[in-house]
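Using our numbering, the first residue of the sequence shown is number 1, and each one after it goes up by one. For reference, the structure discussed in these notes is given below.
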Amino acid sequence: MTKEEELFSGGVAVITGAGAGIGMGLARRCGAIGMTVVVTDIDAARAEAVAADIRAAGGKAEAIRVDVSRPEALDVLARQVFDRHGAVRLLVNNAGIETLGYTWEIPAARWEATLNVNIHGIVHGVRAFVPHMLRAGQEAWIANLSSIGAFGQMPTQTAYIMSKHAIQSFSECLYLEMQVAGAPIHVSAVVPGMVKTSIFDPEAGQGEKGMGEPESAARHRATMAHMMAAHGMDLDEACRRFLARIAAGEFWVDSQPEMTRQSLDARAAFLTEQTAPALNETTRQLLGLG
């Protein structure tokens, strides 16, 4: 029996944005090790499809439509889950969207959606669930989706990058708050490197009317999608690694440690040397600058 099976089997996992991507992969892994999985997503059909796959494989899962950009929706979700199941052993604040384009070309509605989902969705996920976790008095785990992008810069991915910088610092402070409060809640920052998901698919950049990316983003999105398909880690393998390290109580939970180390080293050098931000060769290639 693995460590995650020992700790998590029989418990309840709540995963936001679990209708696709890393959320979906983590939901499947949680179901496979014997957890009851609450699959949430803004797209009810996608959430139900993932829950149905878990049930078809012999697991336990239910789907709930949740818009994490609305704090009150997360309050309702927390009450609903704790009333139904009594306790939550694992909360994964995963929901997030990628937004590309020059800062001044991204519509205001797209900016608001990106920040509300990527930052406020995680903050209010914690705010809504932690009081219930503390009242339950049981050991629990919270994993917040950060990113390798939390340690660098990428022009035209500014909205996403800044949101992940925010979530990394939020998770670091939350980890310390649990220590100060003496709470039996472990906190992890999940730092995916390059994992094969649908986050750069063309339709993900379209959004609803007035919420799409500028036309200039299409080329960068296509380049990133190609790179991810060619070089990304298999989704299920990445999620297996993530869950094992969350169960181990690690704060730093990444998919590709060498990639993380390179990013952290570069960030440390940037801060220590206090140089101006610069376009490195990889960034120039991604942006088609030669």
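Quick reminder that beta carbons are idealized off the backbone N, C-alpha and C, glycines included. These numbers come from a predicted model, not from an experiment.
Coarse secondary structure for residue 111, derived from DSSP in three states: helix
Cβ-Cβ separation, residue 14 to residue 81 (assumed contact under 8 Å), whole Å: 6 Å
Cβ neighbour criterion (16 or more within 10 Å) applied to residue 268: Its Cβ having fewer than 16 others within 10 Å, residue 268 is exposed.
Residues sharing a beta bridge with residue 3, DSSP: None, per the DSSP bridge assignment.
Closest residue to residue 94 among 61, 35, 25 and 270 (Cα-Cα distance): 25
Assigned exposure category for residue 8 - 16 Cβ within 10 Å defines buried: buried
Spatial distance of residue 70 from residue 78 (CA atoms): 13 Å
Residue closest to residue 222, alpha-carbon to alpha-carbon, out of 201, 214 and 232: Checking every option, the nearest Cα to that of residue 222 belongs to 201.
C-alpha gap between residue 51 and residue 130, whole angstroms: If you draw a straight line from the Cα of residue 51 to the Cα of residue 130, it is about 24 Å long.
Backbone secondary structure at residue 98 - three-state DSSP: coil
Element boundaries [alpha helix (DSSP H), containing residue 188]: Not the alpha helix (DSSP H): residue 188 falls in the beta strand (DSSP E), residues 185-191.
CA nearest to the CA of residue 134, picked from 39, 88, 102 and 175: 88
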